[in-house]
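Asks: First to last, the sequence lines map onto chains A and B.
In terms of the numbering used here, the first sequence is numbered consecutively and its last residue is 642.
In terms of the numbering used here, the second sequence is numbered consecutively and its last residue is 419.
Structure in structure tokens, see below.
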Amino acid sequence: MSDLRPSRDDAVTDQLAGQDDGQHVTVFDEVADVFLADEVTQIVDEPRLEHPIEGARSLKSKPSKADSIFRTVAYAAGGVTVAIMLAVGLFLSIRAGSALQVAGIGFLFEQQWNPEAGQFGIGAVLFGTVSIAMIAITISLPLSLGTSLLISEVLRGRLKQWAITLVDLMAAVPSVVFGLWGVFFLQENIIPVSQWISTYFAWIPIFAVTNADGTPATDASAFTSSAFIAGLVVSLMIVPTQTSIMREAFMQAPPGEREAAYALGSTRWGMITAVVLPFGRGGIIGGTMLALGRALGETIAIYMIISPIFYINWEVLKTGSNSISALIALRYGEASEFGLSALMAAGLALFLITLVINFSASSIVARSRSGAQTDG
Amino acid sequence: MSTTIDAPELVEPATEEAVRRTAIPDPGETPTGPRRSLRGVRMDDVYAVVGALAAAMAVATLIFGWIAPLTGPIGWVIVAFVLFVLFYALLVAVTADGREVLDRVMTVVLASAGMILLGALVFVVLFVITRGADALFHVNFFTQDMEFAGPLDGLDVGGVSHAIMGTLIQIGIALSITVPLGILTAVFLNEVGGPFARFVRTVTDAMTALPSIIAGLFVYSAIILLITGQRSGFAAAMAITVMMLPIVVRAADVVLRLVAGNLREASYALGASKFRTVWHVVLPTARSGLATAVILGTARGIGETSPVLLTSGVTAVMNLNPFEGPMISLPLQVFDFVRSPEPNMIARGFGAAAVLMLLVLALFAIARVIGGRGPGDLTPRQQRAVLRRSQNDALRMDRAARARALSATPPQEDTP
Chain A
267 MSDLRPSRDD
277 AVTDQLAGQD
287 DGQHVTVFDE
297 VADVFLADEV
307 TQIVDEPRLE
317 HPIEGARSLK
327 SKPSKADSIF
337 RTVAYAAGGV
347 TVAIMLAVGL
357 FLSIRAGSAL
367 QVAGIGFLFE
377 QQWNPEAGQF
387 GIGAVLFGTV
397 SIAMIAITIS
407 LPLSLGTSLL
417 ISEVLRGRLK
427 QWAITLVDLM
437 AAVPSVVFGL
447 WGVFFLQENI
457 IPVSQWISTY
467 FAWIPIFAVT
477 NADGTPATDA
487 SAFTSSAFIA
497 GLVVSLMIVP
507 TQTSIMREAF
517 MQAPPGEREA
527 AYALGSTRWG
537 MITAVVLPFG
547 RGGIIGGTML
557 ALGRALGETI
567 AIYMIISPIF
577 YINWEVLKTG
587 SNSISALIAL
597 RYGEASEFGL
607 SALMAAGLAL
617 FLITLVINFS
627 ASSIVARSRS
637 GAQTDG
Chain B
4 MSTTIDAPEL
14 VEPATEEAVR
24 RTAIPDPGET
34 PTGPRRSLRG
44 VRMDDVYAVV
54 GALAAAMAVA
64 TLIFGWIAPL
74 TGPIGWVIVA
84 FVLFVLFYAL
94 LVAVTADGRE
104 VLDRVMTVVL
114 ASAGMILLGA
124 LVFVVLFVIT
134 RGADALFHVN
144 FFTQDMEFAG
154 PLDGLDVGGV
164 SHAIMGTLIQ
174 IGIALSITVP
184 LGILTAVFLN
194 EVGGPFARFV
204 RTVTDAMTAL
214 PSIIAGLFVY
224 SAIILLITGQ
234 RSGFAAAMAI
244 TVMMLPIVVR
254 AADVVLRLVA
264 GNLREASYAL
274 GASKFRTVWH
284 VVLPTARSGL
294 ATAVILGTAR
304 GIGETSPVLL
314 TSGVTAVMNL
324 NPFEGPMISL
334 PLQVFDFVRS
344 PEPNMIARGF
354 GAAAVLMLLV
364 LALFAIARVI
374 GGRGPGDLTP
384 RQQRAVLRRS
394 QNDALRMDRA
404 ARARALSATP
414 PQEDTP
């Protein structure tokens, strides 16, 4: 920013110098003469002046016309971008205000969603959002950790390039395509697995699937449209982001330390645990949190798979779950003015959560990375 | 200020160079054997993998068939995989010690994580394309809209031309806003800097966290309910813009940050102004990276359903006017088709998804062809060209030096 200072200073100092008594000018001329006369180093007599600070030449130059136009345009672009972004945030907060005033702090805990009756809150949908995201992260973490280590440590040459390309491509697959796959393929094929888990691991409360009267459910229809299936599909959608961030962190592990580990007789896995994983820890945590942020905001695949409910369902394998974004997609159409405000409040809550997660993630990633500026 | 220079050092650098050059030591009488391959795969490694795999599949089938009441292909794959890792560890343990067993097993685990992931990707894409093939093989699928096609009509009536046009129009409007604005903002962040730029970067980073449905909700309540009063292609384009802008800014920012600092400094040292440096040095160096950033942003923008769901409206007829009336796009059309229970509509949904997927694949392929390289990272052909140029330069300088030596005039007068 310092180079933005107007060059008026220079003009002022010039004027001041001009008003001076002329003594400095002669001294400058003498020194200049000495330099011009001979290119050889010479010891010049200690100048008799006390260097007047206002006489020092400013190193700032006045920007050219093209430069000042460029600067203005660039500032304007930055300003417009920020204005759009802030408009979204401000609009959401203002419109959410009226609903939040009615609901108060109970908004966070109430499970029903009846804005017209004044009884609404994000207790159930927030629980659904977080549970689906947690399932997704539980599945995606080992997958992405393994894949990124495979790409950065095991594969070489062309195979490595192909794997990187494929992972990047996966990040671009539209979520509706994953949703289709989830509804028409995964749904029916995963149910035996769900049944198996609920049969043998029912002693862990979240894996139990019970009927209304508390007996274990075995019918396949009790296992469809569950948070587990939605989480599986979302995990596939967030794995690419996670993988590419981790891979970049792993590839930055210093080669000196790697070779030192090998030289001490370590196997590849020994080298990975001793060098790559400690160096890439920031990347693992940051990448996982960024992926979590994406998982929380995912809409369409969840909307296609789950059957929406408005109570907290701890049994993740059982039919029925919900998420904030699915709630918005479900209810925006028939919502009244106040209902829309309530949806905005829900959206704002979701946005704030993803915001906090994203910021902490990017600060973790940034801290683990050194030297943003490269030298070619 | 100036330093005296010793003349002799300048005159004889050549002999110094000759001594320092790397040389392969003469092996003398020592016999050298054939070169050993350090990366080759030994046969017993392969046998261990194949054997463990065969044993695991056999035992998994046995368990599924006779011993445990399990069903479903996915369960079979999981059981077979666990057994495979166990058998492989057992086989390796016959010849190797604990550390090596751990190393081998972990390598196999890493490889299988990669295979599961990439296999799932390929499977998802192929699943959608094969299920959509029924619809894709009808020409009318690309040339007609759904105006006269009911839910019970066969696949030889109706198509998704209106959704394809809608997608193209919406993404076109969104791109015409995000590309100039996004790249200029990224240039602002990198080349102008200052506290305001830091603020912009923070806000942009924050907005990448914006769930896409909220971008849609914002446009729905701010533009549709307050201003236009109806859903339109333009509103959908606005929602896509709000969602894409931070992605493009951030990606372009990363690319511009990778432009080597010494290139900029060289430009400034030659007296170029800031604008000229950006225009002639920074942007051309980052061109391929910027193109990739934009194309990948486009691929994400095209595939987003949730912002469009709230803003564009559903229609069965072709609408080329983005400001008037609902205008459907491909992802929303997919979503709309598969809500119907009719098999033909679902087939159309898969067909539309396949078209969308192919569009994204094409964009991605284009991005790979032009981009995929860091700034200043050259293709082999470009590298050869640079090499040729510098060889020519060396020849030219050599000739000039010889000419100078022949004419025996002091070099100061020779140089312009």
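All residues carry an ideal CB built from backbone N, CA and C; glycine is no exception.
For Ile495(A) and Gln453(A), which I take to be in contact (beta-carbon distance under 8 Å), what is that distance rounded to the nearest angstrom?
Replies: Residue numbering aside, residue 495(A) sits at position 229 when the first sequence is read from its first letter. Residue numbering aside, residue 453(A) sits at position 187 when the first sequence is read from its first letter. That belief holds up - the Cβ atoms of Ile495(A) and Gln453(A) are roughly 6 Å apart, short of 8 Å.
Asks: Got a sec, what are the start and stop residues for the alpha helix (DSSP H) Glu382(A) sits in?
Replies: Indexing the first sequence from 1 puts residue 382(A) at position 116. That residue, Glu382(A), is in no alpha helix (DSSP H); it is neither H nor E in DSSP.
Asks: For the region 440-470 of chain A, which segments carrying the alpha helix (DSSP H) assignment without a break, of at least 4 residues, lie completely within its bounds, in sequence order?
Replies: Fully enclosed alpha helix (DSSP H) runs of 4 or longer: 441-447 and 453-466.
Asks: Less than 8 Å between C-beta atoms, sequence neighbours within five positions excluded: which residues of the same chain meet that for Ala342(A)?
Replies: The residue given as residue 342(A) occupies position 76 in the first sequence. Nothing meets the Cβ criterion.
Asks: Report, in whole angstroms, the separation of the C-beta atoms of Ala242(B) and Thr314(B), which I expect to be a contact under 8 Å.
Replies: Taking the second sequence and counting its residues from 1, one reaches residue 242(B) at position 239. Taking the second sequence and counting its residues from 1, one reaches residue 314(B) at position 311. That pair is a contact at about 5 Å.
Asks: Which partner residues of Ser587(A) appear in the DSSP bridge assignment?
Replies: For the purposes of this step, residue 587(A) is taken as the residue at position 321 of the first sequence. Note: Ser587(A) sits in a beta bridge opposite Pro574(A).
Asks: Between Thr347(A) and chain B, is there a C-beta pair that is closer than 8 Å?
Replies: Here the question's residue 347(A) lines up with position 81 in the first sequence. Closer than 8 Å: yes.
Asks: Tell me which same chain residues have a C-beta within less than 8 Å of the C-beta of Ser626(A), skipping the five on either side of it?
Replies: For this step, residue 626(A) is matched to residue 360 along the first sequence. Met555, listed in sequence order.
Asks: Buried or exposed, going by whether 16 or more other CB atoms sit within 10 Å of the CB of Met330(B)?
Replies: As a working mapping, residue 330(B) is identified with position 327 in the second sequence. Met330(B) should be labelled buried.
Asks: Which chain A residues sit within Cβ distance under 7 Å of Arg102(B)?
Replies: The residue you call residue 102(B) lines up with position 99 of the second sequence. The contacting residues are Thr533 and Gly536.
Asks: Please report the Cβ distance between Ile305(B) and Thr244(B), rounded to the nearest whole angstrom; I am assuming they are in contact, meaning their Cβ atoms lie under 8 Å.
Replies: Position 302 of the second sequence, counting from 1, holds the residue named residue 305(B). Position 241 of the second sequence, counting from 1, holds the residue named residue 244(B). Not a contact, Cβ separation roughly 13 Å.
Asks: What residues match up with Ser492(A) in a beta bridge as DSSP calls it?
Replies: Indexing the first sequence from 1 puts residue 492(A) at position 226. The partner list for Ser492(A) (beta bridge, DSSP) reads Thr585(A).
Asks: According to DSSP, is Pro34(B) part of a helix, a strand, or is it coil?
Replies: As a first step, residue 34(B) is located in the second sequence; it is residue number 31 there, counting from the start. Three-state DSSP puts Pro34(B) in coil, outside helix and strand.
Asks: So which residues of chain A does Val358(B) contact, with C-beta pairs closer than 9 Å?
Replies: Position 355 of the second sequence, counted from the first residue, corresponds to residue 358(B). Those do not exist, as Val358(B) stays about 11 Å from chain A at its closest Cβ, beyond 9 Å.
Asks: For Phe326(B), is the classification buried or exposed, using 16 other Cβ atoms within 10 angstroms of its Cβ as the cut-off for buried?
Replies: Stepping through the second sequence from its first residue, residue 326(B) is reached at position 323. Exposed.
Asks: Just to confirm my understanding: we take Ala177(B), look at its own chain, exclude 5 residues before and 5 after, and list those with CB closer than 7 Å. What are they?
Replies: If you number the second sequence from 1, residue 177(B) lands on position 174. Here the set comprises Ala240, Ile243, Thr244, Met247 and Gly304.
Asks: Can you tell me where the alpha helix (DSSP H) with Ala277(B) in it begins and where it stops?
Replies: Counted from its first residue, the second sequence places residue 277(B) at position 274. The question names Ala, yet the displayed sequence has Lys at residue 277(B). Where Lys277(B) is concerned, the enclosing alpha helix (DSSP H) stretches over Lys277 to Thr280.
Asks: When you check each C-beta in the region 300-319 of chain B against every C-beta of chain A, which residues fall closer than 8 Å?
Replies: Cβ contacts with chain A come from Ala302, Arg303, Ile305, Gly306, Glu307, Thr308, Ser309, Leu312 and Leu313.
Asks: Provide the residue span of the alpha helix (DSSP H) that contains Thr133(B), from first to last.
Replies: Within the second sequence, residue 133(B) is the residue found at index 130, counting from 1. Where Thr133(B) is concerned, the enclosing alpha helix (DSSP H) stretches over Gly101 to Leu139.
Asks: Tell me whether Thr308(B) sits in a helix, a strand or coil according to DSSP, three-state version.
Replies: Position 305 of the second sequence, counting from 1, holds the residue named residue 308(B). Looking at Thr308(B) - three-state DSSP - the assignment turns out to be coil, as it is neither helix nor strand.
Asks: Since Arg361(A) meets chain B, which of its residues come closer than 8 Å, beta carbon to beta carbon?
Replies: As a first step, residue 361(A) must be located in the first sequence, where it is residue number 95. Here the neighbours are Ser224.
Asks: So what's Thr98(B) in DSSP terms, helix, strand or just coil?
Replies: Taking the first residue of the second sequence as position 1, residue 98(B) is located at position 95. It is coil, neither helix nor strand.
Asks: How would you call Pro383(B), buried or exposed, if buried means at least 16 neighbouring beta carbons within 10 angstroms?
Replies: Taking the first residue of the second sequence as 1, we reach residue 383(B) at position 380. Under this definition Pro383(B) is an exposed residue.
Asks: Starting from the C-beta of Ser5(B), find all residues in its chain whose C-beta is less than 8 Å away, skip the five residues before and the five after it, and write them out in chain order.
Replies: Position 2 of the second sequence, counting from 1, holds the residue named residue 5(B). For Ser5(B), the predicted model reports a pLDDT of 41, less than 50, meaning its position is unreliable; a value from the coordinates is still stated below. None.
Asks: Can you tell me which of the three DSSP states Asn347(B) falls into?
Replies: For the purposes of this step, residue 347(B) is identified with residue 344 of the second sequence, where counting begins at 1. The answer is helix: DSSP assigns Asn347(B) an H, G or I state.
Asks: In chain B, which residues lie less than 7 Å from Tyr598(A) when you measure between Cβ atoms?
Replies: Counting from one through the first sequence, the residue named residue 598(A) turns up at place 332. What Tyr598(A) touches in chain B: Leu220, Tyr223 and Leu313.
Asks: Any idea if Ser587(A) is buried or exposed, counting beta-carbon neighbours within 10 angstroms, 16 or more meaning buried?
Replies: For the purposes of this step, residue 587(A) is taken as residue 321 along the first sequence, with counting starting at 1. It is buried - the Cβ of Ser587(A) has at least 16 other Cβ atoms within 10 Å.
Asks: Kindly list, in the order they appear in chain A, the residues whose Cβ is closer than 8 Å to that of Leu184(B).
Replies: Against the second sequence, residue 184(B) aligns to sequence position 181. Chain A residues near Leu184(B): Ala343, Val346 and Thr347.
Asks: Measure the C-alpha to C-alpha separation of Ala370(B) and Gln367(A) and round it to an integer number of angstroms.
Replies: Taking the first residue of the second sequence as position 1, residue 370(B) is located at position 367. Taking the first residue of the first sequence as position 1, residue 367(A) is located at position 101. Going by the C-alpha atoms only, they are around 48 Å apart.
Asks: Going by the beta-carbon positions, is the gap between Ala189(B) and Asp256(B) smaller than 8 Å?
Replies: Walking along the second sequence from the start, residue 189(B) turns up at place 186. Walking along the second sequence from the start, residue 256(B) turns up at place 253. Cβ distance < 8 Å, so Ala189(B) and Asp256(B) count as in contact.
Asks: Report the start-end ranges of each alpha helix (DSSP H) in the region 179-233 of chain B that is 4 residues or longer and not cut off at the edges.
Replies: 198-210 and 215-222, all fully within the region 179-233 of chain B.
Asks: Name the one or two DSSP bridge partners that Pro482(A) has.
Replies: Stepping through the first sequence from its first residue, residue 482(A) is reached at position 216. Answer is Thr476(A).
Asks: Under 7 Å between beta-carbons, which chain A residues line up against Ile176(B)? List them in chain order, please.
Replies: Translated into positions along the second sequence, residue 176(B) becomes position 173. Within chain A, no residue comes near Ile176(B); the closest Cβ sits about 15 Å away, beyond 7 Å.
Asks: Please return the same chain residues whose Cβ sits closer than 8 Å to the Cβ of Ile630(A), not counting the five positions on each side in sequence.
Replies: For the purposes of this step, residue 630(A) is taken as the residue at position 364 of the first sequence. Here the set comprises Gly548, Ile551, Gly552 and Met555.
Asks: Counting only Cβ-Cβ distances shorter than 8 Å, please list the residues of the region 202-217 of chain B near chain A, keeping chain order.
Replies: Answer in chain order: Phe202, Val203, Val206, Thr207, Asp208, Ala209, Met210, Thr211, Ala212, Leu213, Pro214, Ser215, Ile216 and Ile217.
Asks: Label Gln386(B) either buried or exposed according to how many other C-beta atoms from any shown protein chain fall within 10 Å of its C-beta, with 16 as the threshold for buried.
Replies: By one-based count along the second sequence, residue 386(B) stands at place 383. It counts as exposed.
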